[in-house]
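Protein chains in written order, with our numbering: chain A, 7 to 742; chain B, 15 to 186; chain C, 67 to 395.
Just so you know, even glycine gets a beta-carbon here, dropped at the ideal spot from N, CA and C.
Structure first, then comments.
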Amino acid sequence: MTTLETGTVVGAGLDRVDAPLKVTGSAQYPNDFSLTGMVHAALVGSTIAAGRIRSIDVTRAWAAPGVLAVVTHLNAPKLERGPMTLLGGSPPAPLQDDRILHYGQHIGIVVAESAEQARHAARLVRVEYEPAEALLDVNDPRAEIVENPWGLDTERGDVTAGFARADVVVDEAYTTPDNTNNPLGLMATVASWHGDSLTVHDSTQWPHNVRTSLAGIFKVPESGVRVLAPFVGGGFGAGLRVWSHVILTVLAAREVGRPVKLVLTRPEMFTSVGHRPNSVQQIKIGATRDGDLVAIEHHGISSVAMEDDDYEPVSYCSALGYACPNVLTRDRQARLNIPCPGSMRAPAEGQGNFALESALDEVAHAIGMDPLEIRLRNYAEEHPILGLPWSSKALRECFTEGAERFGWSRRTPEPGSMRDGRWLVGYGLAGVSYPFYQVPCQARASVRHDGSAYVRSAATDIGTGTYTVMTQLAAELLGVDVARVRFDLGDSDMPYAPQAGGSGLTGALGNAVHAACRRLVREFLDVVRDDTESPLHGAALDDVTVTDGRIHRIGDPAQGETYTEILTRHGLEELSADGRSTPPQSEELGMALSGAFGAKFVEVRLDPELGLLRVARVVSAIDGGRILNEKTATSQIIGGTVGGISQAMFEETATDQVTGRIANATFGDYLMPVNADVPDMEVLFVGGPDRATAVGTKGVGEVGLVGLAAAIGNAVFHATGRRIRSLPITIDRLML
Amino acid sequence: MKHMETEAPPTGQSPPDVSQVDITLTVNGTAHRLEIDSRVTLLDALRDHLGLTGAKKGCDQGACGACTVLVDGKRVVSCLALAAQYEDREITTVESLCPSGELHPMQEAFARHDAFQCGYCTPGQIMSAVSLIAEGRANSEEEIREFMSGNICRCGAYPNIRAAIRDVAAGG
Amino acid sequence: MRPFDYVRATDTEQAVAVVSADPHASFLAGGTTQLDLMKDGVLGPERLIDITRLPLAGITHTDTTVRVGALTTMEELAADPVVRERLPFVREALLLGASTQLRNMATIGGNLLQRARCRYFRDPTVAACNKRNPGSGCAAITGIQRMHAILGTSDHCIALHASDVAVPLVALDAVVHVRGANGTRSIPLTQFYLPPGDTPHIENVLQHGELITALEIPLLPETARSHYLKVRDRVSYEFALTSAGVALVIEDGHIQEVRVALGGVGTVPWRAWDAEDVLRGARAGADSFRAAAEAALEGARPLPGTAFKVELAKRTLVRTLETVAGAAS
């Protein structure tokens, strides 16, 4: 493995390369595309949560002006369920029978000449149901329980023996509610058939998955399916799967023989594209009087849909976070009549960390120890499950440097002891050990005759900065000015890329781009191997370096030539090379693969009479491995932090009992932070490149969110002496 | 159990099946004649009928600000406006901010401060921010926070949005 | 949204005549409520009479009143110098009431007529809503209630009136001027709204086709001090969980004149007459403030989801009284 040499381009806080498009409104998101002859679709959703459709009358809908097609289970073709993916099974195929499994389930699609006509006609579909009793509560004893759904339950040591020697045991239930991803971009699909060829603009985080799935479902060659997503209006996990509305739009386009556009409504975004499932967690931590953790037992249960999958091992974080000899973690899922949950920014970690890092605070308080000290005292010097050294870990620096920047030492330990006029002041912190994730990825790099570089991969940039950091990386690796590098993504005709998810894309893609660029330089050397006119002839890859559009021998800049000179002399327009990355393996490296680490420090202000809670300051200290662009990485952490504040204080998807209807499926009712809720914040990056990969990054898309809920809850405890164990922490839970 | 159609029930003897309006919208200084369904919102008229897709649809309920445009110099949410109501008014969209290709100072500041991530709310944020300064409401941190709170950014770029606005307000 | 004919009115009398004569016609002003509910499928007018070009905008002043044309926007009214100077709590309620974008669109007339934010009312897939379908029941009473009313409710409806500015306006005894097919009339705002009782679909005393043309706001004595406090989860841009609008004239520590109204708790903008009775003539201080708050919430009928609002509303009122008294002394 050749590790990336430190240059001047990588790491610099370059403005986003796509900024001009975004600030002028000319970036094209899926619902910005209009095709010639395009017509519009609208969905019909179930208004019960369980049962059957007794009858469905589409007469009035069909008769409405402009209507071109109405498809329900009565006239839908048989569709296969999509394939098994890296993330588990595909969602069930829509319209295959009369069964209702959740509120909002798509039971029909209407196509009309205009969007106004389609939406109106969809409301004219009359449905009679035969309702069954719906299971909606994760605690419902009738619900089927899936034990150890991902095989990630862990056990080490002997927790019973551990608790027996504990001086203090905290044993509490923590709960987190349903949250809805709600990217600002309404998810949209524009589908267009030409014979067996299909082009789809889609709000996806994973174009290849959409291509493979649609080819399988519609039984057409994968090579004829093209999926485009150059810009996506956020995702936070909502775009990871090929949801039913995507399939229905493609089906509708085939029915009417014209391009069809479907844009989900905001209420439909609550029932159609996943959500963070609620959890009930029982966590028990035992410690000695000196603050040594002797046992942790963490049981989590989450909700999942009746016939679908979701990955939410909420208790796993307790196995990874600290050096504790006796740990037991157990996860279960309860099958309910709910829209299927799916990944939402920091799935599982976002919920589990709240329980772990809050309970740890309870332990610290019980033994009278500083919350920072207990975390440093139980620092996991090696990977607690594998017993291997970490490929990189600067969590200690996160804690110490973050505490320094925040002024943690000013904290007086007694709850309620800090005040600013009418406002109670609280300080809280939490640690984060984010799990490693990476999957295979490919990229292709070219250098053209004019010396410019073109690099591409079928990845997506959902706001993460992928366009920008990959441009920087390629510029560095090819020695080409960033202004002369174009990085493209969001097209399934490009080399395979995995999903933008799991904080894994930058690592996977970065290392693929690294491989492609290195191979491309070697291609140039191959061209001049026997070219005696070239000062580079006979040079091996390790003999050369690249800068200013030239390859030259290391230590002798005069011994080199430009890409253009080589291409010209050999009559070539361009040279290209493919690169791929595969995830490193712990066993081979003798190191435990590390994800990002972080420490979050929060100051809250609380008006105890009115229950008003304000986040006044946040310091996030992050070990994200190599930071490719300080500006965009900082934005990722800031954005994650806002997501964490939101999880802690605002978000709760409310479900009506009996009907399973989402009771607050609008932006007026489902609260997320507005500008005034968010303080300025500080982000520190500590640590250095990770040792496990060439590029040495560790994804920072999710670590920013995790820990905020616990840090805010801990700060509320510090301000008031009250421990809030249910999210979100709202006025009604805070009035004293 | 029966569920009725969820559209408001027709109440009249002969409710209209189709109703078109013939209007002229003045957008970014150019008059456009449109014959459209009376139901078309100003946002959809801009996006679907005039090809101006800068203004975005984030909620279609007036609650997110992604569709913010200016009408006679004042910011509005174009999703809660019927196009027909806005005939003969001066409508200004994000597309007008850099007619010669040179970024407006607010656009430049958003780029410099990384005041967006996915970029979907950005045209609305920028139109709101331009308006905020025209309203004289960028004088303090408190003012910026309060009067930019009608524009939701789910990616959470708020601190950077404020930094960009502060910069422009200060003449930078 | 159902198809409708769009008609632009050029004459007030004619607009009133058209809507009065057609039960399926509605006025359209700022559109922020009307269009929203039409999209949701809650409203389905067949004819929309756009009144925004009628000469009903503008603010005029006398020594004792501010007269506000019904088409004046929230933003315009908040900017009025007399409102700023003499009616600060009206201005505060306006500015806290919506985003700037919505304030530039929403008219004062429309604001007073805004419909309930109840998600059961606003979702036609919910069968039981007496406000939408008289006699169908109320899903909210057994549903999720955090944003619902605790005062003025009935067994048939608990929907909240969510206007902020209506709170100080009822406190001020503002008067609504309307024009109908049979001429004009004036209605005190305190008598304008109807609690749900067993007819939740009837929200105010207007007849179909009657149009609000203006609002008249009496000024308080120059020595009056006022404040509007809005309590909500977010710092900005959210409907109130509770709010209070208070104006006081205090002399020698005693309350000479008092106006109190509450928001976020009532099925109508809630004038707290009982609280005013407690405060009038009383010494301004913690005891009288708390007693007033107790009196104001005396008749509260909370449900599990709104139980917290009783105490929160009291504290909101006490805090507002403290703030005004602090400024007045």
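With 16 other Cβ atoms within 10 Å as the buried cut-off, status of C:Arg245: Locating residue 245 of chain C in the third sequence gives position 179, counting from the first residue. Label assigned to C:Arg245: buried.
contact_flag[the segment 107 to 121 of chain B, the segment 74 to 85 of chain C] where n(CB pairs < 8 Å) is 3 or more: Touching, no, given that fewer than three Cβ pairs across the two stretches are closer than 8 Å.
Sheet register partners of A:Phe607 (DSSP bridge): Counted from its first residue, the first sequence places residue 607 of chain A at position 601. As DSSP reads the structure, A:Phe607 sits in a beta bridge with A:Leu435 and A:Val625.
Paired residues, beta bridge with A:Lys267 - DSSP: Numbered from its first residue, the first sequence carries residue 267 of chain A at position 261. Note: A:Lys267 sits in a beta bridge opposite A:His46 and A:Val196.
Coil, strand or helix - A:Lys744 by DSSP: Chain A is shown only over 7 to 742; residue 744 of chain A falls outside these bounds and no answer can be derived.
Alpha helix (DSSP H) segment containing B:Arg89, residue limits: By one-based count along the second sequence, residue 89 of chain B stands at place 75. Looking at the DSSP string, B:Arg89 is not in any alpha helix (DSSP H); the run it does join, the beta strand (DSSP E), is Lys88 to Val91.
Strand pairing of A:Gln288, partner residues [DSSP]: As a position in the first sequence, residue 288 of chain A is number 282, starting the count at 1. According to the DSSP secondary-structure assignment, A:Gln288 is paired through a beta bridge with A:Ala179 and A:His305.
Partner residues on chain B for A:Val29, Cβ-Cβ distance less than 7 Å: Here residue 29 of chain A corresponds to residue number 23 of the first sequence, with the count starting at 1. In chain order: Leu117, Gln121, Phe124, Ala125, Thr136 and Ile140.
Backbone CA spacing between A:Pro236 and A:Gly469 [nearest angstrom]: Reading the first sequence from its first residue, position 230 is the one you call residue 236 of chain A. Reading the first sequence from its first residue, position 463 is the one you call residue 469 of chain A. Computed Cα separation, rounded: 11 Å.
Test item: CB-CB of B:Ile105 and B:Val83 under 7 Å: Residue 105 of chain B sits at position 91 when you count from the first residue of the second sequence. Residue 83 of chain B sits at position 69 when you count from the first residue of the second sequence. Yes. Within cutoff.
The segment 301 to 312 of chain A contacting the segment 59 to 78 of chain A, beta-carbon criterion three pairs below 8 Å: no
A:Leu740 versus A:Arg620: straight-line alpha-carbon distance, rounded: In the first sequence, the residue the question calls residue 740 of chain A occupies position 734. In the first sequence, the residue the question calls residue 620 of chain A occupies position 614. Their backbone Cα atoms lie some 12 Å apart in a straight line.
Complete runs of the alpha helix (DSSP H) confined to the segment 134 to 179 of chain A [at least 4 residues]: Taking only runs of at least 4 residues, the alpha helix (DSSP H) segments lying wholly in the segment 134 to 179 of chain A are 165 to 170.
Straight-line Cα distance separating A:Pro331 from A:Thr166: As a first step, residue 166 of chain A must be located in the first sequence, where it is residue number 160. As a first step, residue 331 of chain A must be located in the first sequence, where it is residue number 325. A:Thr166 and A:Pro331: Cα-Cα distance of roughly 12 Å.
Contacts of C:Gly209 in chain A (Cβ-Cβ under 7 Å): As a first step, residue 209 of chain C is located in the third sequence; it is residue number 143 there, counting from the start. Those are Asp662 and Ala669, listed as they occur along chain A.
Distance, A:Glu363 Cα to A:Glu178 Cα: Translated into positions along the first sequence, residue 178 of chain A becomes position 172. Translated into positions along the first sequence, residue 363 of chain A becomes position 357. Approximately 12 Å between the Cα atoms of the pair.
Any non-hydrogen atom of the ligand GDP within 6 Å of A:Ala605 CB: With respect to the ligand GDP, the structure offers nothing, as it holds no ligand at all.
With 16 other Cβ atoms within 10 Å as the buried cut-off, status of A:Ile560: As a first step, residue 560 of chain A must be located in the first sequence, where it is residue number 554. A:Ile560 should be labelled exposed.
Segment contact, 8 Å Cβ cut-off, at least three pairs: the segment 438 to 451 of chain A with the segment 193 to 211 of chain A: Taking 8 Å as the limit for Cβ pairs, the verdict is that the segment 193 to 211 of chain A does not touch the segment 438 to 451 of chain A.
Contact set between A:Met741 and chain C, taken where Cβ atoms lie within less than 8 Å: Numbered from 1 along the first sequence, position 735 holds the residue referred to as residue 741 of chain A. Correct list: Phe374, Glu377, Leu378 and Arg381.
Own chain partners of C:Ser252 with C-beta closer than 6 Å, once the 5 adjacent residues on each side are dropped: Numbered from 1 along the third sequence, position 186 holds the residue referred to as residue 252 of chain C. Excluding residues within five positions, the ones whose Cβ falls inside 6 Å are Val241 and His243.
Where C:Gly319 falls: helix, strand or coil (DSSP): Position 253 of the third sequence holds residue 319 of chain C. Coil.
Residues of the segment 165 to 176 of chain C whose Cβ lies closer than 8 Å to any Cβ of chain B, in chain order: Ser165, Thr166, Gln167, Leu168, Asn170 and Met171
C-beta atoms of A:Asp164 and A:Arg336 nearer than 7 Å: The sequence position of residue 164 of chain A within the first sequence is 158, counting from 1. The sequence position of residue 336 of chain A within the first sequence is 330, counting from 1. Their beta carbons are not under 7 Å apart, which means A:Asp164 does not touch A:Arg336 by this criterion.
Distance between A:Gly694 and A:Ser398 (C-alpha atoms, nearest Å): Along the first sequence, read from residue 1 onward, the residue named residue 398 of chain A stands at position 392. Along the first sequence, read from residue 1 onward, the residue named residue 694 of chain A stands at position 688. So the two alpha carbons sit approximately 8 Å from each other.
Segment contact flag, the segment 710 to 725 of chain A with the segment 211 to 221 of chain A, C-beta cutoff 8 Å, min 3 pairs: no
Spatial distance of C:Pro335 from B:Asp86 (CA atoms): For the purposes of this step, residue 335 of chain C is taken as residue 269 along the third sequence, with counting starting at 1. For the purposes of this step, residue 86 of chain B is taken as residue 72 along the second sequence, with counting starting at 1. Rounded to whole angstroms, C:Pro335 to B:Asp86 spans 33 Å at the Cα level.
C:Phe93: contacting residues in chain B (beta-carbon distance under 9 Å): If you number the third sequence from 1, residue 93 of chain C lands on position 27. Neighbourhood of C:Phe93 in chain B, by CB distance below 9 Å: empty, with the nearest CB roughly 12 Å away.
CB contact below 7 Å: A:Leu677 versus chain C: Position 671 of the first sequence, counted from the first residue, corresponds to residue 677 of chain A. Yes, A:Leu677 counts as interfacial toward chain C.
Residues of its chain near B:Arg176, where Cβ-Cβ distance is below 8 Å and the 5 sequence neighbours each way are ignored: As a first step, residue 176 of chain B must be located in the second sequence, where it is residue number 162. Contacts found: Glu155, Ile158, Arg159 and Met162.
First and last residue of the uninterrupted alpha helix (DSSP H) at C:Val148: For the purposes of this step, residue 148 of chain C is taken as the residue at position 82 of the third sequence. Element bounds for C:Val148: Pro147 to Arg152.
Those runs of the alpha helix (DSSP H) which lie wholly inside the segment 319 to 380 of chain A and span at least 4 residues: 323 to 326 and 355 to 373
Rounded Cβ spacing between A:Ala654 and A:Ala715 (contact assumed at less than 8 Å): In the first sequence, residue 654 of chain A corresponds to position 648, counting from 1. In the first sequence, residue 715 of chain A corresponds to position 709, counting from 1. So it is a contact: roughly 4 Å between Cβ atoms.
Segments of 4+ residues assigned as alpha helix (DSSP H) that fall wholly inside the segment 161 to 234 of chain C: 166 to 171 and 174 to 178
CB contact flag (B:Ala59, B:Ala97, <7 Å): In the second sequence, residue 59 of chain B corresponds to position 45, counting from 1. In the second sequence, residue 97 of chain B corresponds to position 83, counting from 1. Yes, they are a contact pair.
A:Met500 beta carbon less than 7 Å from that of A:Arg462: Within the first sequence, the letter at position 456 stands for residue 462 of chain A. Within the first sequence, the letter at position 494 stands for residue 500 of chain A. A contact, by the Cβ cut-off of 7 Å.
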